[in-house]
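Following this note's numbering, the numbering of the sequence shown begins with 650 at its first residue and continues without gaps. Backbone N, C-alpha and C fix where the C-beta goes; we use that ideal spot for every residue, glycine too. All remarks here apply to the structure that follows.
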Amino acid sequence: MAEIVIVGGGPSGAMCGEQLARSGNTVHIFDEHLAWEKPCGGGLTHKAIQRFPFLLDNPYPKKLIHSIELIASNEQRAKLEMRNPIVIYSRMVLNGLLLERAQNAGCQIHRSHVVAVDTSGEKPRYSIEGEWRTADFLVLAAGARNQLLPETRPLQRDELEITQGYFIPQAADSIIIKFLPHFDGYIWSFPRCDHLSVGICGSMASHNQTELRTHLQTFIGKQRLSTEAARFYSHVLPSPQVPTLSQRTVVGKNWALVGDAAAFVDPLTGEGLFYAMRSGELLGKAIAEGNPEMYTDWVRAAFSCASIAARSSAPRSLPAWFNFCAAVRSSARSWPISSAARRTTRRSSNASWDISA
Ligand SMILES: Cc1cc2nc3c(=O)[nH]c(=O)nc-3n(C[C@H](O)[C@H](O)[C@H](O)COP(=O)(O)OP(=O)(O)OC[C@H]3O[C@@H](n4cnc5c(N)ncnc54)[C@H](O)[C@@H]3O)c2cc1C
650 MAEIVIVGGG
660 PSGAMCGEQL
670 ARSGNTVHIF
680 DEHLAWEKPC
690 GGGLTHKAIQ
700 RFPFLLDNPY
710 PKKLIHSIEL
720 IASNEQRAKL
730 EMRNPIVIYS
740 RMVLNGLLLE
750 RAQNAGCQIH
760 RSHVVAVDTS
770 GEKPRYSIEG
780 EWRTADFLVL
790 AAGARNQLLP
800 ETRPLQRDEL
810 EITQGYFIPQ
820 AADSIIIKFL
830 PHFDGYIWSF
840 PRCDHLSVGI
850 CGSMASHNQT
860 ELRTHLQTFI
870 GKQRLSTEAA
880 RFYSHVLPSP
890 QVPTLSQRTV
900 VGKNWALVGD
910 AAAFVDPLTG
920 EGLFYAMRSG
930 ELLGKAIAEG
940 NPEMYTDWVR
950 AAFSCASIAA
960 RSSAPRSLPA
970 WFNFCAAVRS
980 SARSWPISSA
990 ARRTTRRSSN
1000 ASWDISA
């Protein structure tokens, strides 16, 4: 059986490792933080729960949310009840759960920083603790910020979003989504068990950190939230365009990218957890079957990556962030949709995953 090294123990790496270890491979997962509070909303959609029921059926703390409040750019509000809850985790808890499953399946988990990788030889190499080591296959699951991208290009500014937020020690029972005038992004408040993850995302090509910070502070003030005991975070999020998905190489002869590293994120909503876990699962299966090159086709089929033409002729198949975009579209008839939502809806015709995935 093969020796497989996974760089990154987030949802994509842990899920991939679990699959590979279950099929008898020797798997090493290297992560510099292991289970940590990665900047994130932590929200899992119904499709994630359907695909991975263990995300609901476990004793780990999580919050089930049944309602979303939408706030348009003109401050009009609409509250929606959802048939299926959004399940919200702290990322430290979610990462811990997934790593524990990987370890129980047989993965060896190490807290280490991988400094560099080299896939030019027959066997891939990785550099750790001052020495180069070899493996049979290298899985790069190191997230959106990482620079370990063999034989493919890094994401450009227009393929990334900037995000900022706070973990605020306060309670709530509804998700809030707020659109802004002339702003390519949105603000969210996701209630977790013992705090809120409140944040903002916006296109890196169109907006800057100061702009995001101002919008976020205004929202926090209007919602009467306090940042006094809150922890600030900021991170990047892939926002794939058609060329990102159709032209960027995600698998080579002895390596592959999964999750955020592969830019498998819903470009409209920023939902990434489901795509990270599913791409990790699919890559694990493809390698276990001795056919890693099948991975590209499998992820495309699973995520229903569509072309511009297909999207423009089939606007109803837009993806949804926790169902809210569908709600925005339907309420738009009687409820003034924000210019941001309109622009976001237009943007989704560039590249998107199918909501039915
Ligand atoms: C602010 C924000 C809010 C979000 N909210 C949501 C949400 O509510 N729902 C949702 O579905 N998605 C959300 N996302 C997206 C989601 O967080 C990502 O899609 C998801 O974390 C991707 O998982 P991953 O395993 O690919 O990468 P990551 O979770 O980023 O994991 C990568 C891991 O690699 C490790 N690593 C990196 N480099 C190295 C190295 N050189 N050596 C060793 N280890 C390394 C890191 O420590 C990390 O643990 C959000 C993203 C952001 C930025």
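Ligand 1 has a heavy atom closer than 7 Å to the beta-carbon of Phe679. Just so you know, the alpha carbons of Tyr815 and Ala651 end up roughly 42 Å apart. By the Cβ neighbour-count rule, Ala937 is buried, with 16 or more other Cβ atoms within 10 Å of its own. Among the bridge pairs identified by DSSP, Pro799 is matched with none.
Sequence-distant Cβ neighbours of Pro887 in its own chain, meaning closer than 7 Å and more than five residues away, are Ala793, Leu804, Glu808, Leu809, Asp909, Ala912, Val914. Counting along the chain, the unbroken alpha helix (DSSP H) around Asn753 starts and ends at 740-754. Cβ contact annotation for Leu932 (same chain, cutoff 6 Å, sequence separation greater than five): Cys665, Ala905, Val907, Tyr944, in chain order. Contact check for Ser761 against Phe679 passes: the beta carbons are separated by less than 8 Å. In the structure shown, Phe679 adopts extended strand secondary structure according to DSSP, grouped into three states. In the displayed model, Met853 falls within coil according to three-state DSSP, outside both helix and strand. For Ala663, the CB contacts under 6 Å within the same chain, skipping 5 residues up- and downstream, are Leu747, Leu748, Ala751 in chain order. Taking C-beta atoms as the reference points, Lys712 and Pro840 count as a pair closer than 8 Å. Counting C-beta atoms within 10 angstroms of its own C-beta, Thr893 has 16 or more neighbours from the protein chains shown and is therefore classed as buried. DSSP places Trp781 in the uninterrupted beta strand (DSSP E) bounded by 780-783.
Relative to ligand 1, the nearest heavy atom lies less than 7 Å away from the CB of His682. Taking 7 Å as the cut-off, the C-beta of Thr801 does not count as close to any heavy atom of ligand 1. In the three-state scheme derived from DSSP, where H, G and I count as helix and E and B as strand, Val948 is classed as helix. Here Val656 carries a strand assignment [DSSP, helix/strand/coil].
According to the DSSP assignment, Val891 belongs to no beta strand (DSSP E) but to the alpha helix (DSSP H) extending over 891-896. In the displayed model, Glu771 falls within coil according to three-state DSSP, outside both helix and strand. Pro773 places its beta carbon less than 8 Å from that of Ala784.
The residue among Ile737, Leu861, Pro889, Met853 with its C-alpha nearest the C-alpha of Ile714 is Ile737. With 16 or more other Cβ atoms inside 10 Å of its own Cβ, Glu667 counts as buried. The criterion of a C-beta distance shorter than 8 Å is not satisfied by Trp781 and Gly690. Placement of the Cβ of Gly870 at a distance of 7 Å or more from every heavy atom of ligand 1 is found. Leu829 sits in coil when the DSSP states are folded into three classes, being neither helix nor strand. Per DSSP, Ser722 lies in no alpha helix (DSSP H) and is assigned neither H nor E.
For Tyr815, no alpha helix (DSSP H) encloses it; the enclosing beta strand (DSSP E) starts and ends at 809-817. Here Glu771 is not near Gly901, since their CB atoms are 8 Å or more apart. A distance criterion of 7 Å places the beta-carbon of Asn795 in contact range of ligand 1, judged by its closest non-hydrogen atom. For Tyr835, the enclosing beta strand (DSSP E) stretches over residues 834-840. Ligand 1 approaches Leu693 closely enough that one of its heavy atoms is under 7 Å from the residue's Cβ. Annotation for Gln757: no alpha helix (DSSP H) segment contains it, though the beta strand (DSSP E) segment containing it runs 757-760. Within a 10 Å sphere around the beta-carbon of Val763 sit 16 or more other beta-carbons, which makes this residue buried.
Judged by DSSP secondary structure, Ala905 falls within the beta strand (DSSP E) whose first and last residues are 904-906.
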